[in-house]
Amino acid sequence: VQQGEEIKACDLVCNVRTNQLLEDDQSEFIMEVEVHEDGWLAKTLVPKGGNAVPDQPIAIICEKPEDVDAFADFDPSVEERVPAGTFIWQAYKKDGPQSEGCG
126 VQQGEEIKAC DLVCNVRTNQ LLEDDQSEFI MEVEVHEDGW LAKTLVPKGG NAVPDQPIAI
186 ICEKPEDVDA FADFDPSVEE RVPAGTFIWQ AYKKDGPQSE GCG
């Protein structure tokens, strides 16, 4: 998904790689993350292949296409955190039996 493009509920927006999902931090998981609301991708805050810490914003999604340009120069500090429950998402273990997606 490119900046400014429309996204629909259930679109795959990113993969998350972690080894901190279970108590056994030796196991690495890749999860596919889907968006749950329609909108437009205004800004990607973590580049492809980049790292993010828990609660760090990774993207901005607008409800209206005319709002996308308002975020062109937006540059949040890595220290800013998102309040709990701000973004609803769903992830599936990639290539696992639960990778069925929405619907």
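Using my numbering, read the sequence shown as starting at 126 and increasing by one per residue.
Idealized CB from N, CA, C, for every residue including glycine.
Pairwise C-alpha distance: residue j and residue i
i      : j      : result
Ala184 : Val171 : 7 Å
Asp192 : Cys135 : 22 Å
Lys133 : Cys139 : 14 Å
Leu137 : Asp194 : 23 Å
Gln127 : Asp163 : 15 Å
Lys175 : Phe154 : Position check: residue 175 holds Gly in this sequence, whereas Lys was assumed. Cα-Cα distance, rounded: 16 Å.
Lys173 : Pro201 : 17 Å
DSSP state of residue i mapped onto helix, strand, coil
i      : result
Val203 : Unreliable positioning characterises Val203 in this predicted model, as indicated by a pLDDT of 49, which lies under 50. A coordinate reading is not provided.
Glu188 : coil
Cys135 : coil
Asn140 : strand
Gly175 : coil
Leu170 : coil
Gly129 : coil
Residues of its chain near residue i, where Cβ-Cβ distance is below 6 Å and the 5 sequence neighbours each way are ignored
i      : result
Asn199 : Strictly speaking, residue 199 in this sequence is Phe, with Asn absent from that position. Lys168.
Val160 : Ile132, Asp136, Val138
Pro190 : Trp165
First and last residue of the uninterrupted beta strand (DSSP E) at residue i
i      : result
Ala195 : Premise fails: Ala195 is in no beta strand (DSSP E) and is neither H nor E.
Ile155 : 154-160
Own chain partners of residue i with C-beta closer than 8 Å, once the 5 adjacent residues on each side are dropped
i      : result
Val203 : For Val203, the predicted model reports a pLDDT of 49, less than 50, meaning its position is unreliable; a value from the coordinates is still stated below. Closer than 8 Å at the Cβ level, and outside the excluded window around Val203, lie Val178, Gln181.
Gln151 : Asn144
Glu130 : Trp165, Leu166
Contacts around residue i, its chain only, beta-carbon distance under 7 Å, and the 5 residues preceding and following it disregarded
i      : result
Phe196 : Ala167, Lys168, Ile185
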